[in-house]
Structure formats: structure tokens, C-alpha cells
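Residue numbering for the sequence shown follows UniProt numbering, starting at 1 and increasing by one per position. Encoded as C-alpha cells, the structure appears first; notes follow it.
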Amino acid sequence: MHYLLIRDAIFSLDFEPTCLTRSQLTPSIRGTLFDWMIKVQQYLRMGTESLHLATSLVDHFISRKQIAEHNYQLVGITALFLAGKINERQAASLRTLCYLTEHSYIPKQVGFGFIYTRLNIQVLEWEQTMLDVFNFDLHIPLPHHFLGSALLSCDDFPEHCREQLRLICLYLFDLGLTEFELSKYSSSLRCAAALYLGRRLLLDSGDLTDDRSHLSSPSSDLEFQPNLKRPPLWSLKQAALTGHKEDQRLRRVASIYAAALARLQQQFSVSPTGDVSRLTVSVPEAAFIKYSNRHYGRIARLSQLMNFQYSRLLEEWKGGF
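See below:
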């Protein structure tokens with residue numbers, strides 16, 4: 001844990017916040033690329049950690065090397081290619097990745113082999129460039145690496161709420177990928193902030209009892225009883241196991257996640273039956289669609305996330321910014 005925190009701090013301090021401007025990129029362009037990368041990860045059934053490693057590689061690569069805007073998606077493809085090699089049992093082929101870029105980098109088939117176009121060769125060239133820039137050190141700490149120990153601090157929540165909390169954190173990690181402002185913060189802090197916001201939303205709902213309690217016997221674990229004392233938002237245990245105390249920086253990062261949720265509230269409305277209707281505002285939506293899937297417990301449609309009052313939360317935290 002201490003080694004991860006130190007390594008995480010090193011990568012965080014090494015990040016250059018003005019890197020997009022230097023390469024004539026914008027947060028909007030970055031958001032579009034990362035939203036597309038979430039869709040690619042889903043289509044190829046890559047692990048979520050592979051997605052986050054790829055986006056971290058893109059950010060830190062741009063931080064260390066200036067590129068032309070037209071090469072940005074190429075860097076994204078290369079990062080996915082490398083992340084797949086590191087994390088996946090069977091990495092996606094270069095041909096498949098090229099196909100998913102709307103035929104921008106498709107290899108030409110000749111006989112039983114492939115002759116790659118110049119742009120396909122560039123993918124391999126960028127791979128070597130990226131390896132050189134990182135000096136082959138591609139193991140960047142991710143928020144997921146800190147989530148297990150962070151959740152251990154949440155034994156003050158019922159078991160079903162801890163599972164909800166885990167899924168909320170995973171959802172916020174993906175939702176935050178398109179938020180460039182988050183990239184300057186360490187992964188451990190982003191993990192702690194997601195947990196902080198998740199606890200705040202679940203505590204605010206006022207329902208920490210197990211909705212399956214009617215199936216339990218009278219001798220069920222006391223953690224499911226409704227008359228338990230309300231847990232604190234952030235105790236010494238959470239601070240110790242996440243490495244971050246409740247302070248201005250923690251609230252600031254949590255508020256960025258909350259703002260992303262608030263923008264989704266403007267784009268989607270959820271009926272009492274759980275049906276989702278689209279409104280007129282356009283924001284990156286790949287994470288919402290991904291976590292509306294049954295595989296993730298449809299956590300993106302959870303009423304605590306879709307109906308919370310953003311202005312009230314900001315008012316509550318304004319003294320901490």
C-alpha cells in the first residue's frame with residue numbers, strides 16, 4: 001500500500017496540466033477520445049483496468065511529449081494496444097483496433113498475409129515511441145488498485161450497501177475519464193473521492209437497511225436493523241485505509257465527480273419504473289450506458305445518483321473548497 005501511494009504520488013507530480021494546450025488539444029477533444037475508448041473497451045470486452053491503463057498512458061504520454069492533433073486518436077489506439085498486451089489474456093489484434101477507427105487505419109489483405117498501409121505501420125511506430133518515452137515502465141497506479149483496501153473501511157455499511165458502493169466507485173472512475181480536471185490528481189485521491197461521494201449519496205438517502213430483510217430470520221446480523229446509528233461520512237478508518245483525510249482536496253475531487261453526475265441528470269431522466277428518457281443536453285454518455293447494463297447492477301440508474309441535489313451538495317461543501 002505504501003509503495004503504491006509513493007508511486008502514485010510520483011506519477012501525479014510528473015503530470016503536466018498544460019499538456020493539452022501545448023499539443024493544441026482541448027478537454028472536449030480529449031473527452032471525445034476517451035468516451036470512444038470506453039465504447040471500444042466494451043465492444044472488445046477488455047477489462048475495465050485495461051481501459052484505465054490505456055487512458056492513463058495517453059494522458060502521461062501527452063504530458064511528456066508534444067504531438068499533432070491529427071495523431072491523437074492514433075495515440076489512443078496505441079495505448080489500448082499496449083494495455084491489452086499487459087492486462088489481457090488475449091489482447092485485441094491491431095487489425096481489429098484499426099477497424100474500429102472507422103477504416104482510418106485498416107490493413108489491406110493480400111493472399112494469406114497482410115500488407116499494412118503507412119498509417120498502420122505508424123501504430124507500431126507509435127508503440128515503440130511510447131515505450132521509449134515511458135522507458136518501458138507502463139505500470140501506472142490506477143484508482144482500482146486502491147479500491148479494495150478503501151472498501152475495507154466501509155464495514156459500517158450493510159453488506160448490500162457495500163456492494164452498491166463498490167459499483168458506484170467503478171462507475172465514477174469511468175465517468176471521470178472524460179473530466180480532464182481529474183487527471184492532475186493522484187489515483188488514490190480519485191479513489192478516495194469516489195468513495196467519499198458514494199458514501200455521501202447513500203447516507204443522504206437515509207436507507208442503509210437491507211431491502212431483503214423480510215427474507216431474513218429474526219436472528220439476522222444487526223447490521224441490517226433500521227435503528228442502527230447513522231455512520232459518519234468520513235471516519236479515521238476511511239482516512240487510514242485510503243491515505244486521505246477529509247479535507248479541501250478530497251471534497252474538491254468529489255465535487256468534480258458530482259458535477260459529472262449532475263450533467264447526466266440534465267441529459268437523462270429516470271422514471272419511477274426505472275425507464276430512461278433522453279433530454280436535449282449532450283454530454284459523454286458511454287460510461288452511463290455501460291453501467292446501465294445488468295452486468296453492473298444498472299448502478300448508473302440508481303435513484304441516489306440520478307436524483308441527488310447537486311446545488312445542495314455544493315452548498316454543504318462550499319466551506320471546504
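Where is the CB? At the ideal position from N, CA and C, for every residue including glycine.
Among the options, which has the Cα closest to the Cα of residue i?
i	options	result
K85	Q267, K65, G47, R7	G47
F136	D59, P231, L82, G198	L82
G31	I10, L13, V58	V58
W126	L195, D14, Q66, L189	Q66
L151	I140, L138, H139, L167	L167
D204	H2, Q309, F61	Q309
T242	E16, S188, Y257	S188
residue 323	R162, C191, H70, E179	Since the displayed the chain opens at 1 and closes at 321, residue 323 lies outside it and no answer follows.
I121	F146, D132, V133, R95	R95
L250	A193, A258, E179	A193
L124	F146, A286, C98	C98
F268	R252, F288, I256	F288
F61	F11, H295, D35, R89	F11
E179	R294, L261, L44, V133	L261
H52	S303, E69, R89, L170	L170
D247	L131, I38, W317, T129	W317
R252	H70, Y3, Q24, E181	E181
Return the chain-ordered list of same chain residues with a C-beta closer than 8 angstroms to the C-beta of residue i, the five sequence neighbours on each side being excluded.
i	result
L33	V58, Y72, Q73, G76
R200	L233, A254, L313
K229	none
Keeping to the same chain, check which residues put their C-beta closer than 6 angstroms to that of residue i; ignore five residues upstream and five downstream.
i	result
I263	Before going on, a small fix: residue 263 reads as Arg here, not Ile. Cβ within range, chain order: V283.
V40	L100
A79	A54, L57, V58
D14	none
R22	Q66
S63	F15, E16, C19
F146	S188, C191
D156	P231
L177	F34, T55
Between which residues of its own chain and residue i is the CB-CB distance below 7 angstroms, once the five residues before and five after are set aside?
i	result
E49	N87, L142, H144
H139	none
L5	S188, G243
S149	M1, L241
A258	L197, Y310, L313
Q109	Confidence at Q109 is low in this model, with a pLDDT of 48, below 50, so the placement of that residue is unreliable and no value is reported for it.
V133	F61, R64, K65
So is residue i buried or exposed if we call it buried at 16+ other beta carbons inside 10 Å?
i	result
Q164	buried
Q238	buried
S28	exposed
E285	buried
S219	Model confidence at S219 stands at a pLDDT of 39, short of 50, so the residue's coordinates are unreliable and nothing is read from them.
Y291	buried
L305	buried
A68	exposed
Q43	The residue you asked about is not Gln; residue 43 is Tyr in the sequence shown. That one is exposed.
L172	buried
Y185	buried
L195	buried
Q303	Note that residue 303 corresponds to Ser in the displayed sequence, not to Gln. Counting Cβ neighbours within 10 Å, S303 comes out exposed, since fewer than 16 surround it.
L236	exposed
Could you check where the alpha helix (DSSP H) with residue i kicks off and where it finishes?
i	result
T32	27–44
C154	C154 -> no alpha helix (DSSP H), and no H or E assigned at all.
D8	2–14
I62	48–64
L202	187–205
I168	159–175
I77	72–87
E316	310–317
A240	236–242
Y99	94–99
K290	286–290
L20	19–22
L305	303–306
If you measure from the beta carbon of residue i to each beta carbon in chain B, is any gap under 9 angstroms?
i	result
H2	This model lacks chain B altogether; it includes just one protein chain.
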